[in-house]
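Protein chains in written order, with our numbering: chain S, 1 to 84; chain R, 1 to 84. Below: one structure, written as structure tokens.
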């Protein structure tokens, strides 16, 4: 059993309106030290796969469903889980 | 300059409808090895703060704006950035 942690963010060239809104809100709340905010998505997937296929499965899932590869970029970590 | 990476997910007792939808979609796409999907939010904040205050600032920002503490839980990592 594996757990894949996937982080999806906009590519740097793509405008991130939610991030900009949050930055404005933080400045209004007097958190002036915040200079930049990016908002993305975070997925945790549990997979009953074997070590040889888990990474290619995660990449295929990202490319096919979770990530808009035109606008977004992603990174992931895969950890083995102990089976009880 | 610091970068804070913040991961926000629903508490385990809260229904995660987006995660359930993604799991169903993955099963329809024949990714039957996926047993569980959680969808959350991911924030990256850049802060011009000093080491003594950066962690308390990040916690205050999460509690006040980024996280609904009734339904969501969060974890964060803070890294120092080299200033060019």
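Where is the CB? At the ideal position from N, CA and C, for every residue including glycine.
Between the CA atoms of residue j and residue i - distance to the nearest angstrom
i	j	result
residue 43/R	residue 28/R	30 Å
residue 58/R	residue 4/R	7 Å
residue 82/R	residue 76/S	24 Å
residue 30/S	residue 32/R	48 Å
residue 40/R	residue 62/R	14 Å
residue 65/R	residue 64/S	32 Å
residue 1/S	residue 80/R	34 Å
residue 78/S	residue 55/S	8 Å
residue 6/R	residue 6/S	13 Å
residue 52/R	residue 45/R	17 Å
residue 15/S	residue 47/R	20 Å
residue 67/S	residue 50/R	35 Å
Residue range of the unbroken alpha helix (DSSP H) whose run includes residue i
i	result
residue 26/R	17-28
residue 32/S	Element bounds for residue 32/S: n/a, residue is neither H nor E.
residue 57/S	54-61
Residue i, DSSP secondary structure in three states
i	result
residue 82/S	coil
residue 8/R	strand
residue 37/S	strand
residue 3/S	strand
Residue i: CB within 6 Å of a non-hydrogen atom of the ligand MN
i	result
residue 31/R	By its list of ligands, the structure shown contains no ligand whatsoever, and the ligand MN lies outside what it can speak to.
N-terminal and C-terminal residue of the beta strand (DSSP E) that residue i is part of
i	result
residue 48/S	Unbroken run through residue 48/S: none, as it is neither H nor E.
Listed in chain order, which residues of the region 39-60 of chain R have Cβ atoms closer than 7 Å to some Cβ of chain S? Cβ contacts with chain S come from 39, 40, 41, 42, 43, 44, 45, 46, 47, 48, 49 and 57.
Using Cβ-Cβ distances below 9 Å, what residues of the region 14-35 of chain R are close to chain S? If the cut-off is 9 Å between Cβ atoms, the region 14-35 of chain R has 19, 22, 23, 25, 26, 29, 31, 32, 33, 34 and 35 near chain S.
Count the CB pairs spanning the region 9-22 of chain S and the region 67-83 of chain S that are closer than 8 Å, and state whether there are at least three. A contact exists between the region 9-22 of chain S and the region 67-83 of chain S.
Counting pairs of beta carbons, one from the region 35-52 of chain S and one from the region 19-27 of chain S, are three or more of them closer than 8 Å? In short, these stretches touch, since the Cβ pair count reaches three.
What residues from the region 61-78 of chain R come within 8 Å of chain S, judged by C-beta to C-beta, listed N to C? So the list reads 61, 64, 65 and 66, given in the order they occur along the chain.
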